[in-house]
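Structure first, then comments.
In structure tokens, the structure reads:
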């Protein structure tokens with residue numbers, strides 16, 4: 017256990033150092049030429065985020081990224097976001113057709129074919145929508161779009177949502193409708 021903790025801590029330090037180095041390069045490039053629009057294209061990229069205690073918090077995997085230096089944003093194709101509670105196994109997996117990562121706010125903006133699933137035995141195990149924002153620092157979710165929560169015998173639909181991944185809470189503020197199918 018101690019070896020894994022040490023390994024995770026070293027990986028976190030290495031990732032932080034890499035991020036600082038990339039941010040320094042981005043800042044230097046921006047100062048050098050703000051009129052040029054430079055893009056970086058990558059395939060099969062992964063971003064790992066740790067909490068302050070060094071525990072694994074999330075893993076974002078994408079099939080393709082296009083980074084825009086000038087805007088400090090990254091366009092994502094087929095993003096897959098895994099959220100871990102207290103460094104444990106994956107609690108929630110969120111997939112989408114497209115997304116955008118804002119490096120300044122550390123927000124992930126997902127759109128099109130969004131599906132959030134859990135591997136836990138819960139009344140509701142799937143959520144579907146067309147737009148979702150994830151605040152990675154606060155582990156908060158939000159959306160103004162139509163949402164649908166699906167369970168084995170229960171479906172809940174509504175307009176918009178706000179939620180917290182750590183607390184495992186979600187609120188649907190408008191036009192809520194539930195359908196229960198007796199097994």
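Numbering (our numbering), first residue to last: 17 to 199.
Cβ atoms here follow ideal geometry from the backbone N, Cα and C, with glycine treated the same way.
- Of all C-beta pairs linking the segment 134-144 to the segment 163-174, three or more are shorter than 8 Å, placing the two stretches in contact.
- Look at residue 114 here: in three-state DSSP terms it is strand.
- According to DSSP, residue pairing for residue 192 in a beta bridge does not occur.
- Looking at the backbone, the Cα of residue 126 and that of residue 154 are separated by about 17 Å.
- In the three-state DSSP reduction, residue 109 falls in the strand class (E or B).
- Under a 10 Å Cβ-count criterion, residue 195 is classified as exposed, with fewer than 16 other Cβ atoms of the shown protein chains found around its own Cβ.
- Residue 190 and residue 177 have their alpha carbons spaced roughly 9 Å apart.
- For residue 199, the number of other beta carbons within 10 angstroms of its own is below 16, and it is reported as exposed.
- Within the model, the alpha-carbon separation for residue 134 versus residue 183 is close to 14 Å.
- In this structure, residue 88 places its C-beta atom within 8 Å of the C-beta atom of residue 119.
- The alpha-carbon of residue 123 is positioned some 37 Å away from that of residue 197.
- In this structure, residue 117 keeps its C-beta atom at 8 Å or more from the C-beta atom of residue 148.
- Taking 8 Å as the cut-off, the beta carbon of residue 192 is found no closer than this to the beta carbon of residue 179.
- When DSSP states are grouped into helix, strand and coil, residue 126 belongs to the strand group.
- For residue 186, the enclosing beta strand (DSSP E) stretches over residues 185-187.
- Going by beta carbons, residue 73 and residue 84 fall outside the 8 Å limit.
- Buried is the label assigned to residue 112, since at least 16 other Cβ atoms lie within 10 Å of its Cβ.
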